[in-house]
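Undergrad: Numbering-wise (the working numbering), the sequence shown opens with residue 2 and increments by one. Have a look at this one before I ask anything.
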Amino acid sequence: MSLLGNLAAWSAYGLFRSPIARRSKWVHDKTMKLFRLGAQRGSVKALSTYGFLLHFRGTDAASKEQGALYIQAAAERGDAKSQYQTGKLYESGYPPVIFKLTDKAFAHYQAAAEQGHPVAIQRMADIYSNGELGRDVDLEQASFWESKLGQKTGV
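Now the structure itself:
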């Protein structure tokens with residue numbers, strides 16, 4: 002990861018969140034270029050945000066596929082939000098870039114949950130409560146994850 006990558010990501014995120022970007026196609030295009038530069042330079046924030054923008058808001062299949070790869074790269078670098086999303090991608094499959102692999106889905110959900118991602122924690126509880134993703138029903142593990150969720154939300 003480089004200083005330039007972080008600077009590009011920081012700048013892009015600032016522009017992305019500003020009201021200016023919503024009204025100007027030129028600013029939007031420059032923001033996306035900054036996100037791409039940050040992602041190419043290894044910024045986790047840029048990989049995650051740019052990946053989400055491409056995958057969920059991309060207009061063509063190539064953009065959505067590239068977005069999935071950026072999300073996966075952010076997940077490999079420890080971004081909890083991207084780990085959860087990568088788990089979803091592996092659970093349902095997104096060919097030709099991500100195939101349905103339940104063990105990988107489970108591993109990504111678990112990694113995100115261990116970092117405190119609340120939706121991933123709930124997913125882990127559901128996996129063990131219902132015996133999903135090739136796991137046996139394990140009410141002790143389900144209770145463990147539900148208690149983590151309670152700690153996270155303050156319940």
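Here a beta-carbon is modelled for each residue, glycine too, at the ideal position from N, C-alpha and C.
Can you give me the Cβ contacts of Q73 inside the same chain, cut-off strictly under 6 Å, excluding the 5 residues immediately before and after it?
TA: Counting only Cβ-Cβ distances below 6 Å, and skipping sequence neighbours, we find T87.
Undergrad: For I99, list the residues DSSP reports as bridge partners.
TA: I99 is bridged to Y95.
Undergrad: Note down, one range per segment and in chain order, each alpha helix (DSSP H) of at least 4 residues found wholly within the segment 65-142.
TA: The segment 65-142 contains these whole alpha helix (DSSP H) runs: 81-93, 103-115, 119-131.
Undergrad: Helix, strand or coil, according to DSSP, for D61 in the structure here?
TA: Note: D61 maps to coil in three-state DSSP.
Undergrad: Closest to Q111 by CA distance: which of A47, L140, Y95, G79 is it?
TA: Closest by alpha carbon: G79.
Undergrad: By the three-class DSSP mapping on this structure, what secondary structure does G43 have?
TA: Looking at G43 - three-state DSSP - the assignment turns out to be coil, as it is neither helix nor strand.
Undergrad: For R58 versus S3, is the C-beta distance shorter than 9 Å?
TA: No, the pair does not count as a contact, with Cβ atoms beyond the cut-off.
Undergrad: Under 8 Å: do the segment 46-64 and the segment 20-31 share three or more Cβ pairs, one atom per stretch?
TA: Taking 8 Å as the limit for Cβ pairs, the verdict is that the segment 20-31 does not touch the segment 46-64.
Undergrad: Just curious, the alpha helix (DSSP H) that S12 is in, first and last residue?
TA: 4-18 is the span of the alpha helix (DSSP H), which, as asked, contains S12.
Undergrad: Cβ of E92 within 9 Å of Cβ of K101?
TA: Yes; because the gap between Cβ atoms is below 9 Å, this pair is in contact.
Undergrad: Within 10 angstroms of the Cβ of A121, are there 16 or more other Cβ atoms? Answer buried if so, exposed if not.
TA: Looking at its Cβ environment, which holds 16 or more other Cβ atoms inside 10 Å, A121 is buried.
Undergrad: Could you check what DSSP says for E147 in three-state terms: helix, strand or coil?
TA: The answer is helix: DSSP assigns E147 an H, G or I state.
Undergrad: Helix, strand or coil: which one does DSSP assign to S49?
TA: Correct three-state label for S49: helix.
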